[in-house]
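Have a look at the structure below, then the notes.
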Amino acid sequence: MIPYKEHEISSKEIRNRTLISFLVFVLLLVLAITLWKWLNHQPQEQGALKPLRKVLNYNEDVFNNFLSNNHLAKTFPVSSAVKKVRVNGNIGMSKDFDPTTWKLKVIKNPGDTLIVTIDEIKSLPKTDLVFDFKCIEGWSQVTHWAGVTFADFAKKYGLSEQIQKKYAGLITPDKRYYVGIDMPSMLHPQTLLCYEMNGKPLPMNQGYPLRLIIPVKYGIKHLKRIASISFSNERPPDYWYERGYDYYSGL
Amino acid sequence: MSLQSFFIFSSMKKIIKKHPLAIRWFHWINFPVLAVMIWSGLLIYWANGVYRLGWGDKTVLKFFPDSFYKALHIPYHLAEGMSFHFVFMWLFAINGFIYFLYLIFSGEWRLIVPNKKSFKEAWQVVLHDLHIKKGLPPQKKYNAAQRIAYTGVIIMGLGSLLTGLSIYKPVQFNFLANLLGGYEWARAEHFILTILFTLFFLVHITQVIIAGWNNFRGMVAGFEVVQPLSPIVFLPPEEKIIEHTSEPLSPLPSLPPEEKIIEPGSESTELKENDTIQGT
Chain A
1 MIPYKEHEIS SKEIRNRTLI SFLVFVLLLV LAITLWKWLN HQPQEQGALK PLRKVLNYNE
61 DVFNNFLSNN HLAKTFPVSS AVKKVRVNGN IGMSKDFDPT TWKLKVIKNP GDTLIVTIDE
121 IKSLPKTDLV FDFKCIEGWS QVTHWAGVTF ADFAKKYGLS EQIQKKYAGL ITPDKRYYVG
181 IDMPSMLHPQ TLLCYEMNGK PLPMNQGYPL RLIIPVKYGI KHLKRIASIS FSNERPPDYW
241 YERGYDYYSG L
Chain B
1001 MSLQSFFIFS SMKKIIKKHP LAIRWFHWIN FPVLAVMIWS GLLIYWANGV YRLGWGDKTV
1061 LKFFPDSFYK ALHIPYHLAE GMSFHFVFMW LFAINGFIYF LYLIFSGEWR LIVPNKKSFK
1121 EAWQVVLHDL HIKKGLPPQK KYNAAQRIAY TGVIIMGLGS LLTGLSIYKP VQFNFLANLL
1181 GGYEWARAEH FILTILFTLF FLVHITQVII AGWNNFRGMV AGFEVVQPLS PIVFLPPEEK
1241 IIEHTSEPLS PLPSLPPEEK IIEPGSESTE LKENDTIQGT
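As given, the protein sequences belong to chains A and B, one line each in that order. So the first sequence is residues 1 to 251, counted in the working numbering. So the second sequence is residues 1001 to 1280, counted in the working numbering.
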């Protein structure tokens, strides 16, 4: 029944083999500890250890291959949406904001800025979306939003040249919060320039009058109170990226 | 006893080759990698540490108590945790995947996957280990309880990868997250699997300490000295048996042939079902 075969060797041989094996074992252990220490003493790049940052960027390349306009975030009936919507952050939401003078700035090129009012945005085709909003902290909440998809917006305002760029950069009026988003995610059919929550205009603390809703990203990318949108081939600055988080933060 | 064998030079001892070199590598790579995964996972989990054992408002055990977090310097390291987790995940996945392939193609899986008797015998092993009952059923490389535990832990590893992937990219792998009961369930399952890993680790360490030096050396040097009271039963040498072998990965290829622990058996690749399962 036993698949092993016993074998006779001298005790000396046993001792030698044991010694050699444990020598190798200890050497590998020392090597592992050395590598671990080396890794933890590497300089940081944007808040993350450089070698780890490299792999995170590589992960982006890998998982970008799965990003598809056909892969949609799961949607829910409106009745599933919570009434008490959690606020996932208030950086960039300074008190001295005057909503009456707000207009969206779309920086098409340096010196060529398109100004759009909230009424003009509301006149575009409206898309409702009930999805599971996911915070990078690990909680999630089914919430109901409405607005115009960025893809529709870009089409309407003739941004065909701009959306050839690799990234879009969004920023709040006080310039304290800013995100960078890869263009495929920006053009995803569920990405909204959002002005409604639970069928009413956005509350002040949810980014009135206009915020980003981008279900293919964690909550940190859903910038509230958009002041301007710009386009570039280099990564626009990103608040949480600078603090050690993954730039992509895709879901 | 085994320590004596360390110092007596001239006597002959019987040994068996226990763990192939490849399996020892997989094992010792997995150990620190899994440790990093659990530690970084804890840094991530802290940011939304909502799980508890209890019912209604009654909490028996909170995952985790604040004192636990403080003692381990867990709080406010979410970004750090994520950066380690999403790097070491590759090592965990690749090592696990190659290990899985190795088990299949070496035939080693036959020694780990529970067979018909394992579930009945595992109970006897547990009673024996708890010193309630004496005597063990005859076994091969692993006893019935080990077969179940080790197979279980491989399935847990796969489970961690799948639940992990479905909370890492829940939109792109929507179908997977749905299959696992949705995003929030997948996160809970990922957490439960981690708890099970740590429980496995505790039992494993305890058993290794109890089993002693000879057994531990098996996972480092690959062989085990046969003890007169070893639970492992051997066939008389003249009987033709199919050997357990993984010769291409032998740790000591330079040994003269007469000192080889196990001869390469060409038949071993065509192991018949009867040969491994019957005969106890």
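Glycine is no exception: its CB is placed at the ideal position from the N, C-alpha and C atoms.
For residue i, the three-state DSSP class (helix, strand or coil)
i, result
"A/Thr18", "helix"
"B/Pro1256", "No answer about B/Pro1256 holds up, because its pLDDT of 44 lies below 50 and its placement is not dependable."
"B/Ser1011", "coil"
"A/Met93", "coil"
"B/Gly1286", "Only positions 1001 to 1280 of chain B appear in this structure, which leaves residue 1286 of chain B out of reach."
"B/Gln1172", "coil"
"A/Val177", "Strictly speaking, residue 177 of chain A in this sequence is Tyr, with Val absent from that position. Note: A/Tyr177 maps to coil in three-state DSSP."
"A/His144", "strand"
"A/Lys200", "strand"
"B/Trp1055", "strand"
"B/Glu1224", "strand"
"B/Tyr1076", "coil"
"B/Ser1040", "helix"
"A/Asn57", "helix"
"A/Tyr195", "strand"
"B/Leu1162", "helix"
"B/Asn957", "Missing from the structure shown is residue 957 of chain B; chain B here goes from 1001 to 1280 and no further."
"A/Val302", "What the structure shows of chain A is the stretch from 1 to 251, and residue 302 of chain A is not part of that stretch, so it cannot be assessed."
"B/Leu1196", "helix"
Minimum C-alpha distance to residue i - residue among the options
i, options, result
"A/Ile181", "A/Leu29, A/Pro215, A/Asp128 and A/Ala146", "A/Pro215"
"A/Glu161", "A/Pro203, A/Ser230 and A/Lys134", "A/Ser230"
"A/Gly138", "B/Pro1137, B/Ala1079 and B/Phe1100", "B/Ala1079"
"B/Pro1020", "B/Ile1132, B/Trp1109 and B/Ser1083", "B/Trp1109"
"B/Gly1054", "B/Lys1062, B/Asn1048 and B/Leu1043", "B/Lys1062"
"A/Asp128", "A/Gln141, A/Thr191 and A/Lys84", "A/Thr191"
"A/Cys194", "A/Phe22, A/Thr143, A/Arg17 and A/Pro237", "A/Thr143"
"A/Phe76", "A/Gln141, A/Tyr157 and A/Tyr208", "A/Gln141"
"A/Leu104", "A/Asp96, A/Phe97, A/Gly111 and A/Val116", "A/Val116"
"A/Ala146", "A/Asp112, A/Val78 and A/Leu159", "A/Val78"
"B/Asn1214", "A/Thr18, A/Glu8 and A/Gln206", "A/Thr18"
"B/Lys1191", "B/Tyr1051, B/Ala1022 and B/Tyr1142", "The residue you asked about is not Lys; residue 1191 of chain B is Phe in the sequence shown. Nearest option by C-alpha distance: B/Tyr1051."
"B/Ile1098", "B/Ile1154, B/Lys1014 and B/Glu1184", "B/Ile1154"
"A/Arg225", "A/Met204, A/Leu159 and A/Asp132", "A/Met204"
"A/Asp96", "A/Ile118, A/Thr172 and A/Trp36", "A/Thr172"
"B/Ser1106", "B/Ile1023, B/Met1082 and B/Val1220", "B/Ile1023"
"A/Tyr157", "A/Lys217, A/Ile121, A/Phe63 and A/Glu8", "A/Ile121"
"A/Gly199", "A/Asp61, A/Val26 and A/Lys83", "A/Lys83"
"A/Lys134", "A/Ile14, A/Leu159, A/Thr113 and A/Asn88", "A/Asn88"
"B/Asp1096", "B/Trp1046, B/Met1219, B/Leu1161 and B/Ser1083", "A quick correction: the sequence has Gly, not Asp, at residue 1096 of chain B. Comparing Cα positions, the closest option is B/Leu1161."
"B/Phe1031", "B/Ile1209, B/His1204, B/Ala1071 and B/Gln1124", "B/His1204"
"A/Pro43", "A/Leu251, A/Gly244 and A/Gly250", "A/Gly244"
"A/Val85", "A/Ile136, A/Asp98 and A/Met197", "A/Met197"
Contact set for residue i: own chain, Cβ-Cβ below 6 Å, skip 5 residues either direction
i, result
"A/Asn233", "Lys165 and Lys166"
"A/Ser94", "Asp174"
"A/Lys54", "none"
"B/Ser1166", "Phe1173, Leu1176, Ala1177, Leu1180 and Ala1186"
"A/Ala81", "Val130, Val142, Thr143 and His144"
"A/Leu52", "none"
Residues near residue i in its chain [Cβ-Cβ closer than 7 Å; skip 5 each side]
i, result
"A/Met186", "Phe150 and Ala168"
"B/Phe1363", "This structure cannot speak to residue 1363 of chain B, because chain B is shown only from 1001 to 1280."
"B/Met1219", "His1019, Arg1024 and His1027"
"A/Arg15", "none"
"B/Tyr1069", "Trp1046 and Pro1075"
Exposed unless 16 or more other CB atoms sit within 10 angstroms - verdict on residue i
i, result
"B/His1077", "buried"
"B/Met1012", "exposed"
"A/Ser68", "exposed"
"B/Glu1224", "buried"
"B/His1085", "buried"
"B/Lys1058", "exposed"
"B/Glu1259", "Reliability fails at B/Glu1259, whose pLDDT of 43 lies under 50, so the model's placement of it is uncertain and no value is given."
"B/Lys1169", "buried"
"B/Ile1112", "buried"
"A/Asp238", "buried"
"A/His41", "exposed"
"B/Pro1065", "exposed"
"A/Ser123", "exposed"
"A/Glu8", "exposed"
"A/Val30", "exposed"
Residues near residue i by beta carbon distance below 8 Å, same chain, minus five either side
i, result
"B/Phe1088", "Val1033, Val1036, Met1037 and Ser1040"
"A/Asn59", "Asp246 and Tyr248"
"B/Glu1238", "Summary for B/Glu1238: the model assigns pLDDT 44, below 50, so the residue's position carries little reliability; its value from the coordinates is reported in the next sentence. If we look at B/Glu1238 and ignore the five residues flanking it on each side, it has no Cβ neighbours."
"B/Lys1014", "Val1225 and Val1226"
"A/Ile163", "Ala154, Met183, Met186, Leu187 and Phe231"
For the stretch 1090 to 1118 of chain B, list the alpha helix (DSSP H) runs that are entirely contained and at least 4 residues long, ordered along the chain. Within the stretch 1090 to 1118 of chain B, the runs of alpha helix (DSSP H) that reach at least 4 residues and sit entirely inside it are, in chain order, 1109 to 1112.
Could you tell me which whole beta strand (DSSP E) segments of length 3 or greater appear in the stretch 198 to 232 of chain A? Within the stretch 198 to 232 of chain A, the complete beta strand (DSSP E) runs of at least 3 residues are 211 to 213 and 228 to 232.
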